[in-house]
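**Student:** This is the structure I have questions about; it appears just below.
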DNA sequence: GCGCTTATGACACCGGTTACCATGCTAGCC
DNA sequence: GGCTAGCATGGTAACCGGTGTCATAAGCGC
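Protein chains in written order, with this note's numbering: chain B, 85 to 441; chain X, 85 to 441.
In structure tokens:
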């Protein structure tokens, strides 16, 4: 009853103008002695402005500390200046590093990064992301692995006319909208590293089915071994789930084989940590009895004992590249169809050594 | 020369209407046979709408899948529906978990989360964050530790009329804009745990000066020891920097003392990992020769061997609480001056055992 | 019949944009 | 040389999709 009147009072109070008004395009126009349309032309780099006028307007904007209101601009443009990042947290370090990279690339562009965590197993996943894109009229979306492998999602983005970048672990058939690392080359390098150390009985823990990174890492590793003249029996290849626990289980299976492997490659660091655990349970020393290689170079890898030999991929740089790709779409008209490819590479630490005789 | 005409053509092409137009407030108004102002009233829960009208409008909005355009609304409201998260990455897991918690709390509210990584040592730090807030007319900002302890920053937000929440490790004098954990209670618990196990020679690795968490964790730990009748000599308290390397260095100093401590508390898990490293170098076994306790319960803590006894704080819940606090400010008029306080607590794992005789 | 409350609409406005028109200037034509 | 065509430049009005303000009509108690 009385609440209604009080809420009205409060709401009218809510519009506190705060005396200091933002400088607007009109202010600049008035001061420069031109129309706001001309200021708008300067803002949008229209070629139909006399150099003299452009300079005057630009210096006035500088002086007044004017920045155009993204909401107003967006409203007129029928789009926003927001970039979405969609992720289903597989790895916190990766997510944050990627964010930092993207923010780095976005700096000074006037675009902002809006994050959106989701659950790829939720049945509403797609429509929920779609609603997000639609509601905010996102200019672009950066999709992190493993969601980046979801073709249906990408198709939806394309239909909505929303720019996007897929972060992937290999170059796939996606002209221009891909930022990828070269997982398979790096795992081949890892395989050769182990071969060179004299390992021939090697165990491989793969990622879970359905992940492209699983295939890339496996393919590269096996190719690298083959180049070194080593063929892996099927029983030496075990599936994991990219989790610590699955790494333990997989390692237990591998270490039960006879002859026992002298080296294990785990398709990510979490599983490699699981290998450490299993090895300890069996009283095996690393790297004396068993060499271990991981993938990702997460902080965990260097806290383990001994520090883990692993594969690093340049997440920050890839994030920045993704941002730059979207910015290019925002300014240039011509999309470049070149995918950005970043090398992943082996970081040798102390978990690998010569094979025991 | 010719570039001007070509760019014009391209830009006019850029405004591709894409046939399918968003449903607008006008559409709803026309279909409902009311003015758009009335629809707006329904959207904003104005009490001055007949129940019958409200129902009709609401069901139409439902049916048409209408959601108001946040840009247009924001433009009129002179604010945005964006929440900023400002962080200076001390810990990736914390940042991501916090983001997930905030997104959880924001879900369905129409607010989005815009992330902003920054460097608190950059001289432009303050003005840069200020520009961010201003430019996007942020509705609110969530400030993560350790930046949350920067009073100047908070003062600036207050001046700008921007709502904010500080995430902190203790209740400080900041009515209503604080989401805090109880670090000191948890470290007191850790101290008593060690005392109960018979440890009397205990080392403490503090966080770096200038951090409130440093003070809280130290204060609580010392108080807990005192309660157990243990007084720590000054030389048993060493400063660290919340990094792995600083943990190693601090542990080396502590383990050189004679008599040597039988337990070390590190003020975060990274430093605790450093303690593990130092202990290994000296051939000390954990927990046989040395008990270790950390703080944060990061993934690293359970990958270490033996798994680390540490303090967990409910980051996800705190993130959600921060979001809810801001949403309350967006709807209610009455700010509640209650700070949200979340208990941190000890997670006992295998790095602590009875003191060696 | 008056005054108060409730419910609704007309209209200007938020800060930018596009579409279209008006101007000034130069060049080309008779 | 005058007149018009053509281009560079700037202005005006309408619009993007919602809000605020204010006026007004209907309902009600007295």
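We treat Cβ as the ideally placed atom computed from N, Cα and C, and that holds for glycine.
Where do the N-terminal and C-terminal ends of the beta strand (DSSP E) with residue 285(X) fall, by residue?
**Tutor:** Position 201 of the second chain, counted from the start, is the residue given in the question as residue 285(X). From DSSP, residue 285(X) is part of no beta strand (DSSP E); its letter is neither H nor E.
**Student:** Which chain X residues sit within Cβ distance under 7 Å of residue 151(B)?
**Tutor:** What you label residue 151(B) is simply residue 67 of the first chain in a count that begins at 1. Simply 219.
**Student:** Is it right to say residue 236(X) is buried, meaning 16 or more other beta carbons lie within 10 angstroms of its own, or is it exposed?
**Tutor:** Translated into the one-based positions of the second chain, residue 236(X) becomes position 152. Residue 236(X) comes out exposed.
**Student:** If you measure between the beta carbons of residue 226(B) and residue 169(B), is that distance less than 8 Å?
**Tutor:** Position 142 of the first chain, counted from the start, is the residue given in the question as residue 226(B). Position 85 of the first chain, counted from the start, is the residue given in the question as residue 169(B). Against a cut-off of 8 Å, the Cβ pair of residue 169(B) and residue 226(B) comes out as a contact.
**Student:** Assign residue 224(B) to one of three DSSP states: helix, strand, or coil.
**Tutor:** The residue you call residue 224(B) lines up with position 140 of the first chain. Residue 224(B) falls in the strand class under three-state DSSP.
**Student:** Compare the C-beta of residue 281(B) with all C-beta atoms of chain X and state if any pair is closer than 8 Å.
**Tutor:** One-based indexing of the first chain puts residue 281(B) at position 197. Closer than 8 Å: no.
**Student:** In terms of residues, what are the limits of the alpha helix (DSSP H) holding residue 112(X)?
**Tutor:** Position 28 of the second chain holds residue 112(X). Counting along the chain, the alpha helix (DSSP H) containing residue 112(X) begins and ends at 109-116.
**Student:** Go to residue 196(B), then tell me how far its beta strand (DSSP E) extends in each direction, as first and last residue.
**Tutor:** In the first chain, the residue the question calls residue 196(B) occupies position 112. Its beta strand (DSSP E) spans residues 196-201.
**Student:** Do residue 403(B) and residue 184(B) come within 8 Å of each other at the CB atom, strictly closer than that value?
**Tutor:** Within the first chain, the letter at position 100 stands for residue 184(B). Within the first chain, the letter at position 319 stands for residue 403(B). Closer than 8 Å, so yes.
**Student:** Kindly indicate the opening and closing residues of the beta strand (DSSP E) around residue 323(B).
**Tutor:** Stepping through the first chain from its first residue, residue 323(B) is reached at position 239. It spans 321-323 - the beta strand (DSSP E) in which residue 323(B) sits, taken as one unbroken run.
**Student:** Pick helix, strand or coil for residue 384(B), following the three-state DSSP scheme.
**Tutor:** As a working note, residue 384(B) is residue 300 in the first chain. Helix.
**Student:** For residue 407(X), which three-state DSSP category applies?
**Tutor:** Walking along the second chain from the start, residue 407(X) turns up at place 323. Three-state DSSP puts residue 407(X) in a helix.
**Student:** Below 7 Å CB to CB, which residues in the same chain sit around residue 303(B) once its five sequence neighbours on both sides are set aside?
**Tutor:** The sequence position of residue 303(B) within the first chain is 219, counting from 1. Within the same chain, residue 303(B) has close Cβ partners 268.
**Student:** By the three-class DSSP mapping on this structure, what secondary structure does residue 265(X) have?
**Tutor:** Stepping through the second chain from its first residue, residue 265(X) is reached at position 181. Strand.
**Student:** Between the beta-carbon of residue 201(X) and the beta-carbon of residue 175(X), is there less than 8 Å?
**Tutor:** Here residue 201(X) corresponds to residue number 117 of the second chain, with the count starting at 1. Here residue 175(X) corresponds to residue number 91 of the second chain, with the count starting at 1. No, the pair does not count as a contact, with Cβ atoms beyond the cut-off.
**Student:** Give a yes or no on whether 8 Å exceeds the smallest Cβ distance from residue 365(X) to chain B.
**Tutor:** On the second chain, position 281 is the one that residue 365(X) refers to. No - not a single Cβ of chain B is within 8 Å of the one on residue 365(X).
**Student:** Could you pull out every residue in the same chain whose Cβ sits closer than 6 Å to the Cβ of residue 385(X), ignoring the five residues on either side in sequence?
**Tutor:** The sequence position of residue 385(X) within the second chain is 301, counting from 1. Here the set comprises 353, 378, 392 and 394.
**Student:** Looking at chain B, which residues of the segment 386-412 of chain X have a Cβ within less than 8 Å of any of its Cβ atoms?
**Tutor:** Taking 8 Å as the Cβ-Cβ cut-off against chain B, the residues of the segment 386-412 of chain X that qualify are 386, 387, 388 and 389.
**Student:** I'd like the span of the beta strand (DSSP E) that includes residue 250(B), first residue to last.
**Tutor:** Position 166 of the first chain holds residue 250(B). Where residue 250(B) is concerned, the enclosing beta strand (DSSP E) stretches over 247-252.
**Student:** I need the straight-line Cα distance from residue 405(X) to residue 179(X), nearest angstrom please.
**Tutor:** By 1-based counting over the second chain, the position of residue 405(X) is 321. By 1-based counting over the second chain, the position of residue 179(X) is 95. Their backbone Cα atoms lie some 15 Å apart in a straight line.
**Student:** With 8 Å as the threshold, decide whether the Cβ of residue 378(X) is near any Cβ in chain B.
**Tutor:** As a working note, residue 378(X) is residue 294 in the second chain. By this cut-off, residue 378(X) is not an interface position.
**Student:** Which class does residue 439(X) belong to by DSSP, given the choice of helix, strand or coil?
**Tutor:** In the second chain, residue 439(X) corresponds to position 355, counting from 1. If DSSP states are grouped into helix, strand and coil, residue 439(X) belongs with coil.
**Student:** Just how far apart, CA to CA, sit residue 382(B) and residue 396(B)?
**Tutor:** Numbered from its first residue, the first chain carries residue 382(B) at position 298. Numbered from its first residue, the first chain carries residue 396(B) at position 312. Approximately 8 Å, taken between the alpha carbons.
**Student:** Return the chain-ordered list of same chain residues with a C-beta closer than 7 Å to the C-beta of residue 203(X), the five sequence neighbours on each side being excluded.
**Tutor:** Translated into positions along the second chain, residue 203(X) becomes position 119. 172 and 209, listed in sequence order.
**Student:** Output yes if chain B places a C-beta closer than 8 Å to the C-beta of residue 158(X); else output no.
**Tutor:** Within the second chain, the letter at position 74 stands for residue 158(X). Yes, residue 158(X) counts as interfacial toward chain B.
**Student:** So for residue 168(B), helix, strand or coil by DSSP?
**Tutor:** Residue mapping note: residue 168(B) aligns to position 84 of the first chain, counting from 1. Residue 168(B) falls in the strand class under three-state DSSP.
**Student:** Check whether chain B comes within 8 Å of residue 85(X), counting only Cβ atoms and requiring the distance to be less than that.
**Tutor:** As a first step, residue 85(X) must be located in the second chain, where it is residue number 1. Reliability of the predicted coordinates at residue 85(X) is poor, the pLDDT of 31 falling under 50, and the value obtained from them is presented with this limitation in mind. Answer no: the Cβ-Cβ gap between residue 85(X) and chain B never drops below 8 Å.
**Student:** Taking the beta carbon of residue 441(X) as the centre, do at least 16 other beta carbons fall within 10 Å, making it buried, or is it exposed?
**Tutor:** As a working note, residue 441(X) is residue 357 in the second chain. Answer is exposed; the Cβ neighbour count stays below 16.
**Student:** Counting only C-beta atoms, is residue 102(B) closer than 8 Å to chain X at any point?
**Tutor:** The count along the first chain starts at 1 and reaches residue 102(B) at position 18. Below a pLDDT of 50, predicted positions are generally treated as unreliable, and residue 102(B), at 43, falls in that range; the measurement from the model is reported next regardless. Yes - at least one Cβ of chain X is within 8 Å of the one on residue 102(B).
**Student:** For residue 213(B), which three-state DSSP category applies?
**Tutor:** Taking the first residue of the first chain as position 1, residue 213(B) is located at position 129. If DSSP states are grouped into helix, strand and coil, residue 213(B) belongs with the helices.
**Student:** Going by DSSP, name the residue or residues bridged to residue 396(X).
**Tutor:** Counting from one through the second chain, the residue named residue 396(X) turns up at place 312. Answer is 429(X).
**Student:** Just how far apart, CA to CA, sit residue 102(X) and residue 108(X)?
**Tutor:** Reading the second chain from its first residue, position 18 is the one you call residue 102(X). Reading the second chain from its first residue, position 24 is the one you call residue 108(X). Bear in mind that the predicted position of residue 102(X) carries a pLDDT of just 43, short of 50, making it unreliable; the figure below should be weighed with that in mind. Each residue's alpha carbon lies about 16 Å from the other.
**Student:** Taking just the CA atoms, how far does residue 427(B) sit from residue 338(B)?
**Tutor:** In the first chain, counting from the first residue as 1, residue 338(B) sits at position 254. In the first chain, counting from the first residue as 1, residue 427(B) sits at position 343. Between residue 338(B) and residue 427(B), the C-alpha separation is close to 30 Å.
**Student:** For residue 376(B), name the three-state secondary structure that DSSP assigns.
**Tutor:** In the first chain, the residue the question calls residue 376(B) occupies position 292. If DSSP states are grouped into helix, strand and coil, residue 376(B) belongs with the strands.
**Student:** With DSSP as the reference, label residue 231(B) as helix, strand or coil.
**Tutor:** Stepping through the first chain from its first residue, residue 231(B) is reached at position 147. Here residue 231(B) sits in helix by DSSP.
**Student:** On the premise that residue 254(X) lies in contact with residue 308(X), defined as a C-beta separation below 8 Å, what is that separation, rounded to the nearest angstrom?
**Tutor:** Position 224 of the second chain, counted from the first residue, corresponds to residue 308(X). Position 170 of the second chain, counted from the first residue, corresponds to residue 254(X). Contact flag wrong, Cβ pair sits at about 15 Å.
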